[in-house]
Amino acid sequence: MLETQLGAACKLYNALLHAEQEEYEENKHTMSRNELRQLALDLRKQNPEFQALHSQVTQQVADRFYQARQKFLDGLANKPKKKKPHRYLSLVYPQSGWKLSNTREVGRGKNKKKKARLYLSKIWFFTLVIHRELPLQQVSQVCVKMHPSGRIYIIFLVEEAESLG
Numbered sequence: 496m497l498e499t500q501l502g503a504a505c506k507l508y509n510a511l512l513h514a515e516q517e518e519y520e521e522n523k524h525t526m527s528r529n530e531l532r533q534l535a536l537d538l539r540k541q542n543p544e545f546q547a548l549h550s551q552v553t554q555q556v557a558d559r560f561y562q563a564r565q566k567f568l569d570g571l572a573n574k575p576k577k578k579k580p581h582r583y584l585s586l587v588y589p590q591s592g593w594k595l596s597n598t599r600e601v602g603r604g605k606n607k608k609k610k611a612r613l614y615l616s617k618i619w620f621f622t623l624v625i626h627r628e629l630p631l632q633q634v635s636q637v638c639v640k641m642h643p644s645g646r647i648y649i650i651f652l653v654e655e656a657e658s659l660g
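Structure representation (structure tokens):
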């Protein structure tokens, strides 16, 4: 199921790249971040393959393309190229579309860890081994990465409040 999602995200990225190139050839101007996000959502409505992606994941794909293009325009990177499916290996769930449940402790002493189940919308459930404390209320993004070997890694981005003083 994850491979299907990654393939759809890759095709969406390439569709955005193609649309951006056409826009530039016709009007000599690039699309804004909001225009790219809206185009991605419109493509998702039109194409059943893209409907397999969660709406916020769709917008993150548009943001990923926008950032690549901005780095090119700022002279910090090469021109964005068409992505190959075997090179597109991660999805980001920014705010919603995921839920952590069934957290329980396993092991004893130094080897004490927690196991939990993570539900990702439109993908399914994953069983996780949590290596450190995870403040769920401070998680701002969940990134699902597939290693070329087939192993899946889940990365939680935690926003810490700045301490005054």
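Counting from 496, one number per residue, gives the positions in the sequence shown under my numbering.
Beta carbons are placed, not taken as given, at the ideal position from N, Cα and C, and that holds for glycine.
A quick note: this is a predicted structure, and the numbers were derived from the prediction, not measured.
Cut-off 8 Å between Cβ atoms - residues of its own chain near residue i, not counting five sequence neighbours on either side
| i | result |
| --- | --- |
| residue 653 | 629, 630, 633, 634 and 635 |
| residue 534 | 511, 514, 526 and 557 |
| residue 536 | 550, 553 and 554 |
Closest Cα partner of residue i within the set the options
| i | options | result |
| --- | --- | --- |
| residue 558 | 576, 528 and 548 | 528 |
| residue 611 | 617, 535, 503 and 593 | 593 |
| residue 599 | 590, 591, 605 and 609 | 609 |
| residue 581 | 655, 657, 656 and 644 | 644 |
| residue 640 | 655, 657, 621 and 656 | 621 |
Distance CB(residue i)-CB(residue j) smaller than 7 Å
| i | j | result |
| --- | --- | --- |
| residue 526 | residue 515 | yes |
| residue 509 | residue 577 | yes |
| residue 551 | residue 532 | no |
| residue 585 | residue 638 | yes |
| residue 572 | residue 566 | yes |
| residue 500 | residue 618 | yes |
| residue 504 | residue 556 | yes |
Buried/exposed call for residue i, threshold 16 Cβ in 10 Å
| i | result |
| --- | --- |
| residue 601 | exposed |
| residue 511 | buried |
| residue 650 | exposed |
| residue 539 | buried |
| residue 519 | exposed |
| residue 564 | buried |
| residue 613 | buried |
| residue 568 | exposed |
Own chain, CB closer than 7 Å to residue i, minus 5 neighbours either side, in chain order
| i | result |
| --- | --- |
| residue 624 | 608 and 610 |
| residue 561 | 528 and 531 |
| residue 588 | 549, 551, 552, 615, 636 and 637 |
Neighbourhood of residue i by C-beta distance below 6 Å, restricted to the same chain and skipping five residues each side
| i | result |
| --- | --- |
| residue 616 | 549 and 592 |
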